[in-house]
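So the structure is just underneath, and the comments pick up after that.
Numbering (the working numbering), first residue to last: 100 to 792.
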């Protein structure tokens, strides 16, 4: 096991963000990671230490609670440094249980606590840790950065340095050139230390929620609207008349104006009613619009636009907000998740993983699953059609996939309408995103569709009418090999997505049934659940096919399949038609695929909990270690996946359809943008593994 101690080289290095990003990056590499921040800093009464809180809430770790600063100051004042180090080591040992690597977060420099560097070096040595230095670049030149690094290398000792990270690199700076200049500066060249990451500064990650602004200003919340989810990306102090600020009424704008500026209030409300997701309207000078104007704007106020009020004037309000801390509030998990992902994206931990060696066991925790999924999708470079081309979440997902190279997306819809929706949502669609107007291309698919469905009596007028449905149109594009996969369902039903696929794509060779799986992102390992979305009551033969399909899907996504056929009984302990169906399905699946580990019938706890598995099925290679769970019917599967998802706060990716000749995947109508991105990536990877036809 290896220990890495992260220490800042100066003020405002973003140590918490980089530390949590390093945890994520090591987990993406398949390592089991422990975390501890031995000493708490900047905690208010009753508040948890932020790094420890986020490691628990987002990274799903169980870090020990740090030593309070009051306790540290007391021990130092008494000269009891050794006692302090014993307490630090005790916390470290709690974090180091059953892990491959431990990340330890050091202290940040503080004017009140001048002992931070002394304690950082002391802790690193006592834990025999390799130190990772974190520098905030911003306006600094290469020589200044190198000088900071060299001072810290002397403090920790060059032999104990695992590498360094450059954080907060401004967009205008060439990151590769900066890295080269720092590496070639002074003694750093001699030390030959690995550069572990150059992380660009991204202003989007600084955007607070509107509710954070309300708390900070102690503002009166006139209309809460969507203040918990809308973010302030820029401020507009409305000193000019309404026509002169119209071009500033963009997504994420917080409009700051006295309440008596009714022209601005009405313009803001009109923008909100037209679908522009403004951050909010902040009324200053303790003034309110005329009640008649408020009544006129009521639809905007009740439609999601947050409205706040403060006694400060507009300039005082803007000044106060400019001084607002960029620290992520402890309850803003969404923003911190994005920060962690951003940092992890720009870290290279290959040298750290090499120093750790092989992990204790091969596993696929959620970060590793998501990372591998995106990487494999990028390499696949597939063309995916999105029939719901004018749907806002779908447009955002297409932009993300194109920018990150996850897939080449094709949006079906009217170009002007799609671009208008994108602009309203503040989304910049890359020029490389294809937009195809159904009205311009529909005619070319009539004849091929008639040919495909000639056995069902389809004629040209009927085909043309069915092709009015963009899902049918997209499915025909897939049937003709013009695209590699299809994703739909943000506004369509599951049946509306699957039916055209069954009619035009049909099942894959050797498959008797189309089924589905969800990837359940448990804290320690990703599980596969099937079938939770398609087949109400499969026969034993169909259930066996679902088990085989689900196992093959697990393999395709890097999960070692150990298949548990779930029932209310384990082994031969129970009887009844439902148990017998599962028992027969297990026998059929084992006969068809003797290369797979498949066992059942098995209760869920016997399949998932090792101690229960040993007791109820001591001879089973699956019990207690299952990674693929096959449910006997849709009622059981759908109920279980939703119960686990909601009760345990587990992210589920899917449903992913299996058994089709070409990949078609359905979305939940409540899908988030990230859900759509993951489904597009799943579809691209399925397309890569589907034999050409």
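Ideal Cβ placement from N, Cα and C applies to all residues, glycine included.
For residue 229, there is no enclosing alpha helix (DSSP H); the enclosing beta strand (DSSP E) covers residues 229-235. Rounded to whole angstroms, the separation of the alpha carbons of residue 266 and residue 624 is 30 Å. Under the DSSP assignment, residue 644 falls in the alpha helix (DSSP H) whose first and last residues are 639-655. By the neighbour-count criterion, in which a residue is buried when 16 or more other Cβ atoms sit within 10 angstroms of its Cβ, residue 425 is exposed.
Annotation for residue 538: the continuous alpha helix (DSSP H) segment containing it runs 537-540. Boundaries of the beta strand (DSSP E) harbouring residue 200: 200-204, taken from the DSSP string. Assignment of residue 299 by DSSP, reduced to helix, strand and coil, places it in the strand class. Taking C-beta separations shorter than 7 Å and ignoring five residues to either side along the sequence, the partners of residue 479 in its chain run 783, 784, 786 and 787, following chain order.
Partner residues in the beta bridge of residue 101, as assigned by DSSP, are 200. Judged by DSSP secondary structure, residue 626 falls outside any alpha helix (DSSP H) and instead within the beta strand (DSSP E) spanning 625-629. Annotation: residue 104 to residue 231 spans about 6 Å, alpha carbon to alpha carbon.
With fewer than 16 neighbouring CB atoms inside 10 Å of its own CB, residue 301 falls in the exposed class. Out of 237, 171 and 185, the CA that lies nearest to the CA of residue 213 is found in 171. Under the DSSP definition of a beta bridge, residue 263 partners with 232 and 294.
As for any alpha helix (DSSP H) of minimum length 4 sitting wholly inside the segment 398-426, the runs are 413-421, ordered along the chain. Its chain contains 134 and 154 as the residues whose beta carbon lies nearer than 6 Å to that of residue 160, once the 5 sequence neighbours on both sides are disregarded; these appear in chain order. 8 Å or more divides the Cβ of residue 610 from the Cβ of residue 627. DSSP places residue 306 in no alpha helix (DSSP H); its state is neither H nor E. The residues 627, 649, 650, 653, 660 and 662, in chain order, have a CB closer than 6 Å to that of residue 727 in the same chain once the five nearest residues on each side in sequence are set aside. Rounded to the nearest angstrom, the Cβ distance from residue 586 to residue 613 is 16 Å, too far for a contact under 8 Å. Counting along the chain, residue 152 sits inside the alpha helix (DSSP H) bounded by residues 149-156.
Relative to the Cα of residue 482, the nearest Cα in the group 507, 241 and 541 belongs to 507. In the DSSP assignment, the residues bridged to residue 619 are 626 and 751.
Around residue 379, the same chain offers 309, 312, 324, 326, 329, 331, 353, 354, 404, 405, 406 and 407 as residues with beta carbons nearer than 8 Å, after the five sequence neighbours per side are excluded. Using a C-beta cut-off of 8 Å, the segment 519-539 makes contact with the segment 491-504, since at least three inter-stretch Cβ pairs fall below that distance. Here the alpha carbons of residue 316 and residue 419 stand approximately 8 Å from one another. Here DSSP, grouped into helix, strand and coil, assigns residue 701 to strand. Judged by DSSP in its simplified three-state form, residue 579 adopts coil rather than helix or strand. Here residue 118 really is in contact with residue 204; their C-beta atoms are around 4 Å apart, less than 8 Å.
Taking a contact as a CB-CB distance under 8 Å, the pair residue 366 and residue 341 counts as one, their CB atoms being some 4 Å apart. For residue 465, the enclosing alpha helix (DSSP H) starts and ends at 465-479. Nearest to residue 349 by alpha-carbon distance, out of 708, 710, 522 and 686, is 522. In this structure residue 445 is not in contact with residue 540, their Cβ atoms being roughly 40 Å apart against a cut-off of 8 Å. By alpha-carbon distance to residue 263, the top candidate from 270, 273, 271 and 246 is 246. Here the segment 561-571 makes no contact with the segment 717-726; the two share fewer than three CB pairs at distances below 8 Å. Taking every protein chain shown into account, the CB of residue 126 has 16 or more other CB atoms within 10 angstroms, so this residue is buried.
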